[in-house]
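Some notes on the structure that comes next.
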C-alpha cells in the first residue's frame, strides 16, 4: 500500500430518502449487516422501514441462487411508509446475489460488488457464462463499484491468527464499514456494538472491528467514490424511539398487558416461521409477569392457553398459517366456552407449507370463517411493525372485556420488518382492568350461573380456587343459564344467536374509519394489515398528482366499522389491493351488496410496491 | 405476580362423598365400569386434604370424559385427545391447583397419543385416570389402541392386525413418575391407588381396567373371574415379595442370567421366599417397573395391579416458577417503564 495517503475532500450530497439492499449467501451475515445499518440509521434520527428476505433453507449450498439472503432498508428525512420500491444501492456479495437482485435496482443506481467472489466457480453456480461486470450494457445502466472485499478483509486481518474460514466470515463488516462511510454515519456506536456482540470472543470482536474500520477507511482513501451522502434527521414526532420488528413489538405488547393489569400473561405456543420470534422474545419477559410454555404441537399450544385462560391467565397463542389450521377446532372450543384468548397469526405464503419465509395476506377468510359450526370471533389486523404493539394490547383488551377468543393477524412482512417505535408514556397506554367473579351471581343469592350474561351479553369469569362457584365448561352446547349440557334445539338456536350478537356488540369498541383525503371522490383505496404503508404511499402520490383518490385502512375485520358502508358509497370506484387473490374484496362484496371492488393482487412473496400500485390506479381512473 | 388472590387460607372443611357430587345424573350404560370409578374417586377425595374449589377435572371426549359433569369441582370437558394440553397450561399457570385428567384408551392413546407422552415426560403434577375398556364405546364398538391383536370389531371384521399399546409401559417409557394399574371391580384396591395418586407430586398415570357391558363385555373376565383371579392377578405391594396364586405359592423372580422376570413356585427347585423379587416402586431406575408392566403381555404370566413406580422428582411447574422467580430476583427493579425503554433508544425533539 502506498504511503502517500490521498486526502481527497469528498463532496457531500444531501438526500431525502435512500433504499439500500444488502444481498449475499445465507451464510454471509446479510441479515446482521442490514440490521446493524438500520440501527445506525435509527440512531441518526431517520424514519425507516426494513424488509428482510431470506430463503427457507437454513444454509443452501454456498454461492447458489437458492441460497441468496437479502435485507432492504429504506430510510429518510421524511415519513417512510415502506421498505422502498427499488433499491438506490445494491450491495452484492457474490454473482448469485447479483443475478437474483439486479432487476430490482433502480436505473442508474449504485451497484457495489464484492468482485473477490466473482470466481469462475461462483459465476458458473449463478448460471453466468461470462462475467456480468464486464458487460457493456450493465456498465451503462448502473454506477458500478467493484471492490475485492475478500482480499481487503484478508489484508486487514493479516497476522490476526484467525483461520481463513474465520477471516472470510468477517467480510460483511467490510461492506458495513463502507456503507457507514458512504452515508456519513458516525462509527463509534457500531464499534461499541461489535464489542458487545462478541464480548465472549474478544478475538472476533477485534477482527470484526478491524474489518469494519478497513471498510470505512477504504471509502475515504480509495478514490473510488467521488461523493458521500447525508440523510438529515426526519421530522418524526418528538419523543424517544427504539427500532422494533413486528414480532418483537407483539411480544412487547403482551408483556405490557401483564404490567398494566398486574396479571399473568400466559403464552402457549409452538415454533413456526415466521411467528417463532414472538415466543422467543416473550421468554425473556419473565420478570414482567409473562409465563411461556413451549408445547409439543400447535394444538397443545392453543390448548395450554385455553387451560390457562380457564385458570384466569391472560392467555395467548402464536402461530402462522398451517398452525392456525391446526388450532381451528380449539378456537371453536374457546368460542363456546367463552374464554378470553388471543390467537396471533403471522401470515405467510400458503397453502400448506407454501413459501414459509415469504409474506402473504391469504388467511383473512380462514380467520373470519375458518371454524366448524357458527363460531364468530373478533378479527384485528396490525398495520405496521410498531403497530403490532398496539394491536396486541387491543386484542387482549377485547378478549377479556368480551370474554371471547380474538384473532390478531400480522404477517411475515410486518413480523420481520422493522421501523421506529415511539415509546409511549404510561398515560398513553390504554387502561386495562381484569376482574373475576367471586360471589354467586344468581338471583337466589347462592348459585353461580356461568352463562348468566350482562347487558352486553358477556358472561362472568369465575376461576378455580374460588369457593362456591365450582362449575364445568366444555365443548357440548351449554344451557343458556347454568352452562350445563343441553341438547334442547331451541336452547342451541338461542345460544348460537346470542354468541353471534355478542361479537356484533363488539362494534362499540371499533372506531369509525377515517378517510385519508376527501370523503368522496373518484376512487377509494381500501386496505387491511401490512399493506398499509404501500397503499398510503400510493394514495399520497396520487393525491399529489391531483387525483380524487381516498384511502381507508381497516384495522378491524370483524366486526367491520359502523360507518364503512357509508364511506364506500362516497366514491365512484372502490379499489382493494391485497397480497392474496382477493379475499377482502370478496368479503366486502358479501357485506355491502352493490359494492364491487376493483382488485390489485400480488402473490409473489413480496410486498406491494407503491409505484406499481400507482400505475394500476391510474389505469382505472 | 400471581393470577389470583381469591384462595383464602382457611382450615379444610370436613367433606363427605356427597360434597363431590354435582347432582347431575350420570348417563352411562347400566353396568358400566365408570360408575364404580366415579364412586371411588368421590370417596377418596374427602381424604386427600385439598379444598374442593382447588380441584379441577379435565377430560377429553368419550364415555369416560363425561366425568367432570358429574363432579362438583371446577371442570373442563374439552376436545378429543387434548385434555393433557389444557391441563398442562392450567397447571403451569396455576401450580397450586390439583389437576386431574380423565380419559379413555382411545382418547389418551390414539388421537391424544402425542399429548399423553409429553404430559408424562414433563413431570407436570397431573393425575391421569385412564379408563381402559379396550374398545371405542361412544362411537359404538370399533377397535382401540389397546384392543388385543386379532380383535374382531365393526372396523376389524377379520380381526385387528394392530399390536396394542400397554399404557403403563408407555407411561414409564415416557418418564412418568407415578404409574399404577387397577380394576373397576376391585373397589378397595382402586380407592387405595387413587389416594396414592392424589398424594403423588408429578406426572401420574392410573390405568383402570374397565368393563364395557355393551361393546366389549367381559374384556377382563380372564383376570376378574373368581375361578382364575388368584393365578391371573399379581397384586404389587410396596416392600413385599411379588407372590400370587392360590396360597401365594407362585412368585416373580429376577433371573440375572437371562435378565428377565420369570414365574417360580415356592418349594420347587429349591425356590424359597428369599428368591422372590421384593416390590419397590421407589426405584428411580424404571427398568424393573417396565419389566413388570410388560409381564401381562407374555403368555403364562400374571397381570400386575398396584403401583409400578412412585418416585419424587422436581415437577415441571416447580422448575418453571423457579426460573420465573429467579428472573424476578435478578431484576427487582423491573417495571413497565424499563420494559418499554429497553434496548437502543434515540430522542427526537
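Protein chains in written order, with this note's numbering: chain Z, 142 to 762; chain L, 101 to 449.
No residue lacks a Cβ here, since even glycine has one placed at the ideal position from N, Cα and C.
Query                                                                                                                          : Result
Proximity to residue 173/L [Cα-Cα], best of 131/L, 117/L, 251/L and 127/L                                                      : 117/L
The segment 547-564 of chain Z touching the segment 382-394 of chain Z, judged by at least three CB pairs closer than 8 Å      : yes
Beta-carbon proximity of residue 765/Z to residue 245/Z, cut-off 9 Å                                                           : Not covered by the structure: residue 765/Z. The range shown for chain Z is 142 to 762.
C-beta contact flag for residue 121/L and residue 169/L at 9 Å                                                                 : no
Contiguous alpha helix (DSSP H) assignments of at least 4 residues, all confined to the segment 277-302 of chain L             : 287-299
Anticipated Cβ contact below 8 Å, residue 118/Z with residue 614/Z, distance rounded                                           : In this structure chain Z extends from 142 to 762, so residue 118/Z is not present and cannot be described.
Residue ranges of each beta strand (DSSP E) within the segment 472-502 of chain Z, 3 or longer                                 : 482-488
Burial state of residue 198/Z, where buried means 16 or more other Cβ atoms lie within 10 Å                                    : exposed
Check whether residue 112/L and residue 150/L have beta carbons under 9 Å apart                                                : yes
Supposed contact pair residue 539/Z and residue 763/Z - C-beta distance, whole angstroms, cut 8 Å                              : The structure shown does not extend to residue 763/Z, since chain Z spans only 142 to 762, so no value can be given for it.
Continuous alpha helix (DSSP H) assignments of at least 4 residues falling wholly in the segment 246-298 of chain Z            : 261-266, 277-282 and 290-297
Residue nearest to residue 753/Z in terms of C-alpha spacing, selected from 565/Z, 508/Z, 374/Z and 675/Z                      : 675/Z
Contact check, residue 719/Z vs residue 502/Z, beta carbons under 9 Å                                                          : yes
CB contact flag (residue 318/Z, residue 283/Z, <9 Å)                                                                           : no
Reduced DSSP secondary structure (H/G/I, E/B, other) of residue 177/Z                                                          : helix
Alpha-carbon to alpha-carbon, residue 142/L and residue 592/Z                                                                  : 26 Å
Nonlocal neighbours in the same chain, by C-beta distance under 6 Å from residue 238/L, ignoring five residues either side     : 162 and 163
Limits of the unbroken beta strand (DSSP E) element including residue 158/L                                                    : 155-159
Positions along the segment 186-198 of chain L whose CB lies within less than 9 Å of some CB in chain Z                        : 186, 187, 188, 189, 190, 191, 192, 193, 194, 196 and 197
DSSP state of residue 372/Z mapped onto helix, strand, coil                                                                    : coil
Closer than 8 Å at the beta carbon, the chain Z residues around residue 224/L                                                  : Ordered by position in chain Z, no residue passes the 8 Å Cβ test against residue 224/L, which lies about 10 Å from the chain.
Residue interval of the beta strand (DSSP E) (run including residue 668/Z)                                                     : 662-669
Beta-carbon spacing of residue 512/Z, residue 544/Z below 9 Å                                                                  : no
Burial state of residue 728/Z, where buried means 16 or more other Cβ atoms lie within 10 Å                                    : buried
Within-9 Å CB hit, residue 104/L to chain Z                                                                                    : Note that residue 104/L scores a pLDDT of 44, beneath 50, so its modelled location is shaky and nothing firm can be said.
Among 517/Z, 181/Z and 213/Z, the one whose alpha carbon lies nearest that of residue 642/Z                                    : 517/Z
Test: residue 564/Z CB closer than 9 Å to a CB of chain L                                                                      : yes
is_contact[residue 383/Z, chain L] using C-beta, thresh 9 Å                                                                    : yes
Complete alpha helix (DSSP H) runs within the segment 303-378 of chain L (minimum length 4 residues, chain order)              : 321-324 and 326-332
Touching by the beta-carbon criterion (3+ pairs, under 8 Å), the segment 338-353 of chain Z and the segment 402-416 of chain L : no
Completely contained beta strand (DSSP E) runs for the segment 676-708 of chain Z, where each covers 3 or more residues        : 690-695 and 697-699
For residue 416/L, the three-state DSSP class (helix, strand or coil)                                                          : helix
Bounding residues of the beta strand (DSSP E) (the contiguous stretch that carries residue 176/L)                              : 174-177
Beta-carbon neighbours of residue 434/L, restricted to chain Z and to distances below 7 Å                                      : 428 and 429
Alpha-carbon to alpha-carbon, residue 664/Z and residue 762/Z                                                                  : 7 Å
Classification of residue 568/Z by the beta-carbon crowding that lies within 10 angstroms, buried from 16 upward               : exposed
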